[in-house]
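So the structure is just underneath, and the comments pick up after that.
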Amino acid sequence: MLLLVGSIGACGSSAETADEVFTDPGGVYRILVPPKWEPTTESVPAGVEAWFVDLPRNGFTANVNVLDTTGVGMELDDYVSMSIDSARELVDGFLFLNDDRFTNGSGDELALMEYRLNDLHVLAVVGVRDDRAVVATFVSREDEYPRLLPEVEPYLRSLELLDTSAIVS
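At position 64 of the sequence shown (counting the first as 1) the number is 158 in the numbering used here, and the numbers step up by one without a gap.
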């Protein structure tokens with residue numbers, strides 16, 4: 095479902111190719127999506143939304159995916175710390191690079207995490223609200239990351255958490 099909402103602003107597209115506001119089917123989040131991103135269901139688990147952000151190169155296509163999980167039971171800082179600690183322990187080739195906080199236009203406090211997984215470079219925006227975590231992740235090959243980051247990061251930062259207190263999990 096596409097829905098235009100005043101609190102999310104454009105990230106730079108022209109009027110002919112306006113950004114779309116994607117609201118997830120469960121009503122948990124919304125995020126700006128440029129028209130050139132191609133939605134995909136290829137190798138995507140149920141409950142995850144994903145878009146290809148570039149052409150395939152060497153068998154991999156840079157992408158953005160968004161996942162929401164329920165039953166988080168913790169605040170943003172604890173969730174981010176737990177995620178980093180778990181990845182260090184369980185994921186071969188995980189290298190944590192950076193963690194920062196920002197507030198989006200809707201007043202949501204979000205975490206920006208950057209890390210590497212072997213030859214992949216990842217930037218994730220994380221939000222926690224109403225016992226749910228929403229993680230919007232950009233994944234690209236290390237050599238493509240500098241070229242794609244300026245095009246993708248503003249869209250990741252547009253992530254908006256919706257009031258889900260009335261949703262029964």
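By construction, the Cβ of each residue, glycine as well, lies at the ideal position given by its N, Cα and C atoms.
Distance from the CA of Glu132 to the CA of Leu250, rounded to the nearest whole angstrom, comes to 15 Å. Boundaries of the beta strand (DSSP E) around Leu191: 188-197. Looking at the DSSP output, Glu203 sits in a beta bridge with Thr197. Note on Arg226: 16 or more other CB atoms within 10 angstroms of its CB, so buried under the neighbour-count rule. Counted as a single uninterrupted DSSP element, the beta strand (DSSP E) harbouring Arg235 occupies residues 226-235. Val228 has its alpha-carbon roughly 25 Å from the corresponding atom of Pro240. Just so you know, the alpha carbons of Leu170 and Leu161 end up roughly 15 Å apart.
Below 8 Å, enough C-beta pairs join the segment 208-215 and the segment 230-245 to call them touching: three or more. Looking only at Glu247, Leu253, Leu243, Ser234, the smallest Cα-Cα distance to Arg151 is reached by Ser234. When the five nearest sequence neighbours on each side are left out, the beta carbons in the same chain lying within less than 8 Å of the beta carbon of Thr197 are those of Glu203, Leu204, in order along the chain. By alpha-carbon distance to Thr231, the top candidate from Ser175, Val122, Val147 is Val147.
Inter-residue distance for Ser137 and Phe154 is about 12 Å (C-alpha atoms, whole angstroms). Residue nearest to Gly199 within the set Pro128, Pro248, Asp224 is Pro248 (criterion: CA-CA distance). Its Cα nearest to that of Ile125, the residue Leu253 stands out among Leu253, Tyr209, Leu211.
Assignment of Asp162 by DSSP, reduced to helix, strand and coil, places it in the strand class.
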